[in-house]
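Colleague: Protein chains in written order, with full-length UniProt numbering: chain A, 1 to 179; chain B, 1 to 760; chain C, 1 to 106.
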Amino acid sequence: MEHLSIHDPPPQPGGPHPGAMMNAPPPPPQAQQLPPQMFTTAAQLLDLTDKKLLLVLRDGRKLIGILRSWDQFANLVLQSTVERVFATVPDPRDPHRRGLFADKLHGIFLVRGENVLLLGEIDLDKDDDPPVGFEKAEFGLVEKLANEQKAAEKTKETKRIKKLAALGFEGENMGEILL
Amino acid sequence: MTTGADHSVGKDFDFFGATAKVTNAMEEEHQRFNLQQQASRTVRAPVAQTYNTNYAYQPTPPAHRPARTGYEKYKEEPTELQIDASIWGVAPKKPVTPVAVSQPPATARKMMSLEEVEAAMRAEAKQAPPVSLPSQAQSQPLYHAREFQAAAEASPHSRQEKIDPIRQPIDGRHQRGFNTADYQQPAAQGITHGHPITILQRPSKHAPSTSGSVMPNPISQEQQTPPIAPTQILQNPNRSSSEGNRMGIPMHPIHKSQNSIPRGIPQQHQLSDLSEREKAAFVEAEARRAKRNHKIHLMSGNNGLMTPQDKSFITRIQLQQLVSATGDPSEQGNEAALAEDFYYQVLSSLRAGQRPNPNQPLNNFAQTYLFQTGTRRSGPRHHGPQNHVQRMEQQVQRAVEAAKNKPKNKQLVIEGSLGKISFSNAKTPKPLLNIKRTESGPETNRPASGQRTHPVSQGHNAKDTLRDIENVYLTLMKMEDLTRSMPPPNELNDQNVAEKQDEFNHLNEQLWNHLRVHEPISSTIVHPFISFMSYPKGKRAIPRVFRYLSPTQRTTILTMIVIHLDQLDVVRGAQVQTGEPISHDAATRERIELFSLAVMPSLFQLLNESDLDIVTGVLGLITQNLSVDLVARTRIGVSMLTLILSRAELIKQAGQASEQSWQQWVATFNLFFNILEPTLHNIFPGTVTSGEDIYVWQFLAAIGIGASPDEQQRLVFAVKDRVMGTVSMAKTLPPDMAKERLDNVNLFMRSIGLDVELLN
Amino acid sequence: MPDLTWTIGKRMAFFKTLIDHEVTVELKNDIQIRGTLKSVDQYLNIKLDDIQVVDELKYPHLSSVKNVFIRGSVVRYVHLPAAAVDVPLLEDATRREAANQAGKGK
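(1) Assuming residue 39/C contacts residue 149/A under a Cβ cut-off of 8 angstroms, what Cβ separation, rounded to an integer in Å, is found between them?
(2) Around the Cβ of residue 280/B, are there at least 16 other Cβ atoms within 10 angstroms (buried) or fewer (exposed)?
(3) Residue 78/A lies in the beta strand (DSSP E); which residues open and close that run?
(4) Can you tell me whether residue 42/C is buried or exposed, with buried defined as 16 or more other CB within 10 angstroms of its CB?
(5) Closer than 7 angstroms by beta-carbon distance: list the chain A residues that pair up with residue 434/B, in chain order.
(6) Strictly by DSSP, which residues pair up with residue 26/C?
(7) Mind listing the chain F neighbours of residue 17/C? Cutoff is C-beta to C-beta under 9 angstroms, in chain order.
(8) By the DSSP assignment, the alpha helix (DSSP H) with residue 633/B in it spans what residues?
(9) I'd like to know whether the C-beta atoms of residue 742/B and residue 727/B end up nearer to each other than 8 angstroms.
(10) Tell me, please, whether the CB atom of residue 41/A is closer than 8 angstroms to any CB atom in chain C?
(11) Against residue 761/B, what residues of chain A qualify as contacts under a CB-to-CB distance less than 8 angstroms, listed in chain order?
(12) Is there contact here, the segment 601-618 of chain B with the segment 542-554 of chain B, by at least three beta-carbon pairs under 8 angstroms?
(13) Do you know offhand how far residue 527/B's Cα is from residue 560/B's?
(14) By DSSP, does residue 52/A sit in helix, in strand, or in coil?
(15) Could you check whether the segment 50-67 of chain A touches the segment 75-83 of chain A, counting it as contact only if at least three pairs of C-beta atoms, one from each stretch, sit closer than 8 angstroms?
(16) Taking any Cβ of chain A, which residues in the segment 64-84 of chain C have a Cβ under 7 angstroms from it, in chain order?
(17) CB residue 131/A to CB residue 63/C, shorter than 8 angstroms?
(18) Mind listing the chain A neighbours of residue 88/C? Cutoff is C-beta to C-beta under 8 angstroms, in chain order.
(19) Can you grab the Cα-Cα spacing for the pair residue 627/B / residue 503/B, in whole Å?
(20) Using a Cβ-Cβ distance under 8 angstroms, would residue 84/A count as near chain C?
(21) With DSSP run on the structure shown, which of helix, strand or coil describes residue 62/A?
(22) Using a Cβ-Cβ cutoff of less than 7 angstroms, which residues in the same chain neighbour residue 698/B once the five nearest sequence positions on both sides are dropped?
(23) Under three-state DSSP, which class holds residue 574/B?
(24) For the candidate residues 88/C, 79/C, 33/C and 59/C, whose alpha-carbon lies nearest to that of residue 67/C?
(25) Residue 744/B and residue 694/B look like a contact to me (Cβ under 8 angstroms); what is the Cβ gap, rounded to whole Å?
(26) Along the chain, where does the beta strand (DSSP E) that runs through residue 135/A open and close?
(27) Which residues bound the alpha helix (DSSP H) around residue 527/B?
(28) Taking the beta strand (DSSP E) that residue 51/C falls in, what are its first and last residues?
(29) From residue 761/B to residue 564/B, what does the alpha carbon distance come to, in whole angstroms?
(30) Which partner residues does residue 755/B have in the DSSP bridge list?
(31) Compute the Euclidean distance between the alpha carbons of residue 57/C and residue 138/A, then round it to the nearest angstrom.
(32) Quick one: does residue 78/A have its CB under 8 angstroms from some CB of chain C?
(33) Do you know how far the Cα of residue 634/B is from the Cα of residue 537/B?
(34) Tell me, please, whether the CB atom of residue 68/A is closer than 8 angstroms to any CB atom in chain B?
(35) To the nearest angstrom, how far is the alpha carbon of residue 725/B from that of residue 757/B?
(36) Just by C-beta distance, which residues in the segment 533-559 of chain B are closer than 8 angstroms to chain C?
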């Protein structure tokens, strides 16, 4: 779908006579317009099907799995799903803090669409390289660190939101941390 | 699933009926395939045998057939696609000499581990493969074909690949493709062609001769669509069995080919020519490729779980939502459709190089995509992108039809949907800010709005002005719409024309009211029209406004602007001083720029249509009512004066002025010159070095032409410092820059019969 | 007042013109993702190609991701290329839309 271009050859100049709209010969081709299919959720998920994706959920969880099926609500079925956690090693002496990540295999996941924050196709060529500054570690350790960091973050965020609320800010994502 | 646009809508959603059909079709295909299989064996036993071993074409497990991996874009070679070179207007190239495969066919049969693949590739890279032997070629016929195809037609192929993953899922017709071309292909090739490479040919081309008896219906164009999807259809009914198979051994051909035969094979005999480093890079690239393909393979086991029909079904559901949310454009009038999608419609037309003159019918924009599709859809079917687009259009058409036939469903908030944005909510979005006012009054709570740059006057404040501007635009758009729907003048459709004319006059009156030009001029407060002009969108409105005003109204506006020239934001506080650096801030510069681009051309055009009396009157207004010194030291002021003076000169040269009005002009001019004279040496912006003074030289030229000899002399005397300064400065500049500067000066010098050359 | 929300939301008219342009999407969790806009749907879900994460080191999970589908409701801003927006035309579009809505409301 993405290969349709809005820069298709320009149409012939001049439009049809205003009075001749109804039964006149077809008007000259106009600027290439994108078909409405382009603008459906389905269209966006089409070419992600059967691919390895990274899914970020609203609660901050990151899932990696193969997208097998989806529906109009963007409820998703993932196969061979792995949850990946990230954490940094607290070390005040090191300005570039060491990052850790770990995977945990979950299997098949059915994710309700509204929980999805974003999803992205993974480049299989870069798949195996650890993210810059991160190395693989034992899941339990990383999870523990991550939970601690999340809790700290949450405390900070709660304070911030309190302050904002006092100033009159309110909204659907207040009180929810999106990581 | 329906396969044609004319099927009834209800069937679009009939999964069960479609499933049943699939089952029948499968059985049918089974039988037919068996028949063909026998036939092909009799004709070319060995080759057919090869096919049978390398391919999962045996009747029993259709589920082995390669499914779409979803990673087609990665691959250099088509997987199940048969490329018809004729699509691209290229005759199908028959590969000449198949290049050998160094790998024995046996290895291809089993799935290699990643390490094995890499090792194999390194080994291959080292030993230059022997040149092909027919027998070897036959052992891996299809792979060769593919390799060649990929090599020979790299570009068309990649185009095709781009298209297919898109077209495939929304296209119900693949089912038919599967019924025919897909299965018939191996048999047909086996029969017609001695060499397996002929698989490059589209099967349908040879079909009539071979399968005519088996397949009574001639193959239509449509059926030639590359058979990708059908395999996925098959997978569903057989899911359990394929599950079992996956556990075990079998490999489908795609991955065998990807893993066992690196793409570079045709290049491999050139490999020996490569340097060690290039070789290493090549090997590395191939290893990476193999690794990737290995991953793809591992993932591909459950490919096609979601069938194209499923995808198509969901897409259609969403299209319906879309149509019922936004309304069916074809049901509304053109104008309404245009209004709803105005920005996109017009901008895409503009980008396509069609700059609409607002006087021109905009109606042609109103044909929304849905409308267009109806007309473009007719005509023969083509392969390639065109066809792809057409099919999408049909899809929309169907969706629209479906929406039409159903009761309007305005409710769009579907619980839990990924987009829980309700359309009815757009006007009352959830507030994100809720600031409560205290009792102490509004002043304490509201941040001071002291930073206002726009003139605020009593009686008519900024808010009123902004409202005026918006009203002007709204009226303008109504007038533009009206003009578009106006019948051509030659049609004596009196009743209709008269009505429209009345409406036009009414709108013109409204427009004139909103412009506030008629408000009395007061010496204490800024005139509302001048406030209007102080906003960028007010300035930008002028060219459009001018088109819908009578000459008298336009002249009134000109007078209005001229009489308030010193109050305009582009003049007030925008004075320059010769010798001092130009000190306008960015906002002022921007305003001046916009005024020059938006307002000046309209005034210029108007002046050029005016006769001398008006021109004289305008100059008289400036001379008598304004501070010529202030006006002449601004760029806009100078430009305005230049317009006036040059217009008078043109009228004179064209002999359009009566003696009396010319005398009047001369008198006004002389008065003006006398007042201007003391300012003359001050009107240059910046210093000699700063440039940006071309508009002043133009102005001086305009004065010079009309001036008496005496005045010319005084003129030269007033500006000679700048002339000499520029001439001597030009000597220090590179030739082209020097020339530019001197040319500017010469604009003036020549108007009084001199030339900078004379100064050297 | 011109109602921009409506114009953008309805038929995605505005975003449709930005297809194939490079935009930066800023999410409510502060991640900024730059990429080529490939698609927008009726919920303003956004698909970006060839993405690049601003402040990449902070968001390691996106390091091997090529394209993303972003849920519309988590988008805070979309940074637009100024050259791809025709402001006067957009103003007119919103005016039309507003007039249309006002007309319907009567």
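The beta carbon of each residue, even a glycine, is placed where N, CA and C say it ideally should be.
Because the structure is a prediction, the values reported are computed rather than measured.
Modeller: In brief:
(1) Not a contact, Cβ separation roughly 34 angstroms.
(2) exposed
(3) 76-88
(4) buried
(5) 168 and 170
(6) For residue 26/C, which the question treats as bridged, DSSP gives the partners 32/C and 77/C.
(7) Note that chain F does not occur in the displayed structure, where the protein chains are A, B and C.
(8) First-last for residue 633/B: undefined, no H or E at that position.
(9) Contact flag set, yes.
(10) yes
(11) Residue 761/B falls outside the range modelled here, since chain B spans only 1 to 760, and no answer is possible.
(12) Yes, since at least three Cβ pairs between the segment 601-618 of chain B and the segment 542-554 of chain B fall closer than 8 angstroms, the two stretches touch.
(13) 9 angstroms
(14) strand
(15) yes
(16) 64, 65, 66, 67, 68, 69, 70, 71 and 74
(17) yes
(18) Neighbours of residue 88/C on chain A: none; closest Cβ ~19 angstroms, over 8 angstroms.
(19) 43 angstroms
(20) yes
(21) strand
(22) Excluding sequence neighbours, residue 698/B sits near 642 and 747.
(23) coil
(24) 33/C
(25) The pair is a contact, with the Cβ atoms about 5 angstroms apart (cut-off 8 angstroms).
(26) 134-136
(27) No alpha helix (DSSP H) holds residue 527/B; DSSP gives it neither H nor E.
(28) 46-54
(29) In the structure as shown, chain B starts at 1 and stops at 760, and residue 761/B therefore has no counterpart that could be examined.
(30) Beta-bridge pairing links residue 755/B to no other residue.
(31) Taking the Cα positions, residue 57/C is about 21 angstroms away from residue 138/A.
(32) no
(33) If I take the Cα positions, the gap works out to 22 angstroms.
(34) yes
(35) 14 angstroms
(36) 537 and 540
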